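Engineer: Below are the structure tokens for one structure; questions will follow.
In the UniProt record's numbering, the protein residues as written are 1 to 266.
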């Protein structure tokens, strides 16, 4: 598949595309792990890779990934587009750098769980990831199935593994705990982001949106066709109930049952 500036596929895959995509990953790793030397010739010293990534994250946070392009970023930084390419080859590599940057922020901001308390660790990891996704909702737009693992991502995994090791699970199972928690958090975060986007796009508040449907739903409930729905309490869909905490507690309970079974030799 050919790839446009924003990293999206826009055509039929060509024979040379696979090596090209592998080269993107290699360039990302070189930048992430600082193995690529800074160009001897280039723009003013005031323009650095760190400044470019900082501006890119800020732009994505405020306007979303659709607004992020090398051209727009150059404009925000007050430089020419070609100047950026001296530091980062393109948007795919830039996105990898952005992901690792926000992961580093999360590592520094997240409270540390005791190394012997995996339950507290799961809760801290989940809440920290939820905060990260709400702060940087554009992360949910990225396909992170094959992430270029930079130093901050690896450090984040290292920090998470310390308390999770005490669960006594195999390495694949321990990593599956992380995947399960992250998948749960992403699902809830995506719902919150979608709600915010729907409100922005429609211009309607939650009350206005559901108020428009109320007469029709009331008639449906009074029809007798939906007896179970009709008997639900008024607070069923209210905001007072913490869906996130409820689901997280169930996950921890499930993990605990597995840990107890392993301890009992089952």
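Where is the CB? At the ideal position from N, CA and C, for every residue including glycine.
These numbers were taken from a predicted model, which means no experiment stands behind them.
Please list the terminal residues of the continuous alpha helix (DSSP H) segment that includes residue 119.
Structural biologist: Looking at the DSSP string, the run of the alpha helix (DSSP H) that includes residue 119 is 118 to 135.
Engineer: Would you call the CB atoms of residue 193 and residue 251 closer than 8 angstroms?
Structural biologist: No, the Cβ-Cβ distance between residue 193 and residue 251 is not below 8 angstroms.
Engineer: Between which two residues does the alpha helix (DSSP H) carrying residue 174 extend?
Structural biologist: It spans 171 to 202 - the alpha helix (DSSP H) in which residue 174 sits, taken as one unbroken run.
Engineer: Short check: CB of residue 139 to CB of residue 96, under 8 angstroms?
Structural biologist: Contact flag unset, no.
Engineer: Comparing C-alpha positions only, which one of 149, 115 and 69 sits nearest to residue 25?
Structural biologist: Ranking 149, 115 and 69 by Cα distance to residue 25 puts 149 first.
Engineer: If you check the beta carbons only, do residue 73 and residue 55 fall under 8 angstroms apart?
Structural biologist: For residue 73 and residue 55, yes; Cβs fall inside 8 angstroms.
Engineer: For residue 28, I'd like the list of residues in its chain whose CB is within less than 6 angstroms of its CB, leaving aside the five on either flank, ordered along the chain.
Structural biologist: Taken in chain order, the residues that qualify are 93, 96 and 148.
Engineer: Identify whether residue 252 lies in helix, strand or coil by the three-state DSSP scheme.
Structural biologist: Residue state, collapsed to three classes: helix.
Engineer: If you reduce the DSSP assignment to three classes, tell me which class residue 104 lands in.
Structural biologist: Note: residue 104 maps to helix in three-state DSSP.
Engineer: So the alpha helix (DSSP H) residue 88 belongs to, where does it begin and stop?
Structural biologist: Per DSSP, residue 88 belongs to no alpha helix (DSSP H) and is neither H nor E.
Engineer: Taking a contact to mean a Cβ-Cβ separation below 8 angstroms, would you say residue 185 touches residue 130 in this structure?
Structural biologist: Contact flag set, yes.
Engineer: With a CB to CB cut of under 7 angstroms and the five nearest residues on each side skipped, what residues in its chain are close to residue 64?
Structural biologist: Contacts found: 138.
Engineer: If you run the structure through DSSP and keep just helix, strand and coil, what is residue 207?
Structural biologist: Residue state, collapsed to three classes: helix.
Engineer: Does residue 138 come out as helix, strand or coil in the three-state DSSP assignment?
Structural biologist: Looking at residue 138 - three-state DSSP - the assignment turns out to be helix.
Engineer: Mind checking which residues open and close the alpha helix (DSSP H) that includes residue 62?
Structural biologist: Note, residue 62: alpha helix (DSSP H), 49 to 63.
Engineer: According to the Cβ coordinates, are residue 128 and residue 112 closer than 8 angstroms?
Structural biologist: For residue 128 and residue 112, no; Cβs fall outside 8 angstroms.
Engineer: Flag this pair as yes or no: are the beta carbons of residue 174 and residue 164 separated by less than 8 angstroms?
Structural biologist: Their beta carbons are under 8 angstroms apart, which means residue 174 touches residue 164 by this criterion.
Engineer: Any idea what DSSP makes of residue 218, helix, strand or coil?
Structural biologist: If DSSP states are grouped into helix, strand and coil, residue 218 belongs with the helices.
Engineer: What residue range does the alpha helix (DSSP H) around residue 75 cover?
Structural biologist: Residue 75 -> alpha helix (DSSP H) spans 70 to 77.
Engineer: Could you give the DSSP three-state label for residue 1: helix, strand or coil?
Structural biologist: Bear in mind that the predicted position of residue 1 carries a pLDDT of just 35, short of 50, making it too unreliable to give a figure here.
Engineer: Within a Cβ cutoff of 8 angstroms, which residues of the same chain sit near residue 144, ignoring the five residues on either side of it in sequence?
Structural biologist: 99.
Engineer: Taking its Cβ as the centre, do 16 or more other Cβ atoms sit within 10 Å of residue 103, making it buried, or is it exposed?
Structural biologist: Flag for residue 103 reads buried.
Engineer: Any idea what DSSP makes of residue 212, helix, strand or coil?
Structural biologist: Of the three classes helix, strand and coil, the one that applies to residue 212 here is helix, per DSSP.
Engineer: Does the Cβ of residue 255 have 16 or more other Cβ atoms within 10 Å, making it buried, or fewer, making it exposed?
Structural biologist: Its Cβ being crowded by 16 or more others within 10 Å, residue 255 is buried.
Engineer: Below 8 angstroms on the Cβ atoms is my guess for residue 133 versus residue 198; work out the distance and round it to an integer in Å.
Structural biologist: Contact flag wrong, Cβ pair sits at about 17 angstroms.
Engineer: Please name the residue in 222, 117 and 156 whose C-alpha comes closest to that of residue 106.
Structural biologist: Cα-wise, what sits closest to residue 106 is 156.
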